[in-house]
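Asks: Letter by letter, the sequence shown follows residues 81 to 247 in our numbering. Glycine is no exception: its CB is placed at the ideal position from the N, C-alpha and C atoms. Below you'll find the structure I mean.
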Amino acid sequence: MIRARLMATAILFHGNDMLMMKRSPNRTLSPGLWASVGGHLEPHEIGDPAAAILREIHEETGLLAEHIANLRLQYILIRLNQKEVRQQFIYTAETLKRDVGSTDEGELHWIPRHQVLHREIPFIFRKLLEHYFTEGPNPHVWVGTAGYDEEGNSAVHWTQLIDPQQV
């Protein structure tokens, strides 16, 4: 039986630096790799992933909603991981303060944007960051689906999320 897992992630910037977490080696998901803050949606957040990401930001960094500016949904990633469909809502935002707390999920670091992709990053998150750094902030949401390219290599396929009734 295929199950579903809904998650929310925040790509947070302060100036030209991006907040990244070096995940604890004890974590089940991507141990020891570099990622962003985020986590699973709670049952009451299923219809409100923005509330979920604000909760996760606070839990993992100590930053409150008033410390976050220009929070916007920029990506939705969909992938199959064994018998689980994972749908991830990725938000971008700026932080109004640089001081962040600590978390038992890993170590938080501000990384200069030009050094971010030099880290050991999970494949799907690397593809997202490569796309974001190339395309930049957009007024529309991108949907990414994990799959393969023509040569059989792992890939993420990007499509603009468009309401055909509004075109």
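Expressed to the nearest angstrom, what Euclidean distance is found between the alpha-carbon atoms of Arg-274 and Gln-154?
Replies: Here the chain comprises residues numbered 81 to 247, so residue 274 is not present and cannot be evaluated.
Asks: Could you pull the DSSP bridge partners for Phe-213 from this structure?
Replies: Taking the sequence shown and counting its residues from 1, the one referred to as residue 213 is at position 133. Bridge partners of Phe-213: none, in fact.
Asks: Exposed or buried, what is Glu-122 when buried is set at 16 or more other beta-carbons lying within 10 Å of its beta-carbon?
Replies: Taking the first residue of the sequence shown as 1, we reach residue 122 at position 42. So Glu-122 ends up on the exposed side.
Asks: So who's on the other strand from Lys-102, going by DSSP bridges?
Replies: The sequence position of residue 102 within the sequence shown is 22, counting from 1. For Lys-102, which the question treats as bridged, DSSP gives the partners Trp-114, Glu-187.
Asks: Report yes if the C-beta distance between Gly-57 and Ser-104 is below 8 Å; otherwise report no.
Replies: With the chain covering only 81 through 247, there is no way to say anything about residue 57.
Asks: Whole angstroms are fine: how far does the CA of Ser-234 sit from the CA of Glu-136?
Replies: For this step, residue 136 is matched to residue 56 along the sequence shown. For this step, residue 234 is matched to residue 154 along the sequence shown. For Glu-136 and Ser-234, the distance between alpha carbons rounds to 29 Å.
Asks: So Ala-88 and Gly-127 are supposed to be a Cβ contact under 8 Å. How far apart are they, rounded?
Replies: As a first step, residue 88 is located in the sequence shown; it is residue number 8 there, counting from the start. As a first step, residue 127 is located in the sequence shown; it is residue number 47 there, counting from the start. Their Cβ separation, rounded to whole angstroms, is 12 Å, which puts Ala-88 and Gly-127 out of contact at 8 Å.
Asks: Taking the alpha helix (DSSP H) that Ile-133 falls in, what are its first and last residues?
Replies: Here residue 133 corresponds to residue number 53 of the sequence shown, with the count starting at 1. It spans 129-141 - the alpha helix (DSSP H) in which Ile-133 sits, taken as one unbroken run.
Asks: How would you label Met-81, buried or exposed, when you count the other beta carbons within 10 angstroms and need 16 or more for buried?
Replies: Translated into positions along the sequence shown, residue 81 becomes position 1. Counting Cβ neighbours within 10 Å, Met-81 comes out exposed, since fewer than 16 surround it.
Asks: Go ahead and pull the three-state DSSP assignment for Arg-159.
Replies: Taking the sequence shown and counting its residues from 1, the one referred to as residue 159 is at position 79. It is a strand residue.
Asks: Pick helix, strand or coil for Leu-208, following the three-state DSSP scheme.
Replies: Counting from 1 along the sequence shown, the entry for residue 208 is found at position 128. In this structure, Leu-208 counts as helix in the three-state DSSP scheme.
Asks: Got a sec, what are the start and stop residues for the beta strand (DSSP E) Glu-174 sits in?
Replies: Looking up residue 174 in the sequence shown gives position 94. For Glu-174, the enclosing beta strand (DSSP E) has its first and last residue at 164-175.
Asks: Spatial neighbours of Thr-239 within its chain, please: CB distance less than 6 Å, with the 5 preceding and 5 following residues excluded, ordered by chain position.
Replies: Residue 239 sits at position 159 when you count from the first residue of the sequence shown. Counting only Cβ-Cβ distances below 6 Å, and skipping sequence neighbours, we find Val-223.
Asks: By the 10 Å Cβ neighbour count, where 16 or more other Cβ atoms means buried, how is Ser-182 classified, buried or exposed?
Replies: Working through the sequence shown from its first residue, we reach residue 182 at position 102. Classification of Ser-182: exposed, given that the 10 Å Cβ count is below 16.
Asks: With DSSP as the reference, label Arg-83 as helix, strand or coil.
Replies: In the sequence shown, counting from the first residue as 1, residue 83 sits at position 3. Correct three-state label for Arg-83: strand.
Asks: State the CB to CB distance for the pair Ile-204 and Leu-241, rounded to an integer number of angstroms; the pair is presumed to be in contact (CB under 8 Å).
Replies: Stepping through the sequence shown from its first residue, residue 204 is reached at position 124. Stepping through the sequence shown from its first residue, residue 241 is reached at position 161. For a cut-off of 8 Å, the C-beta gap from Ile-204 to Leu-241 is around 18 Å, too long to register as a contact.
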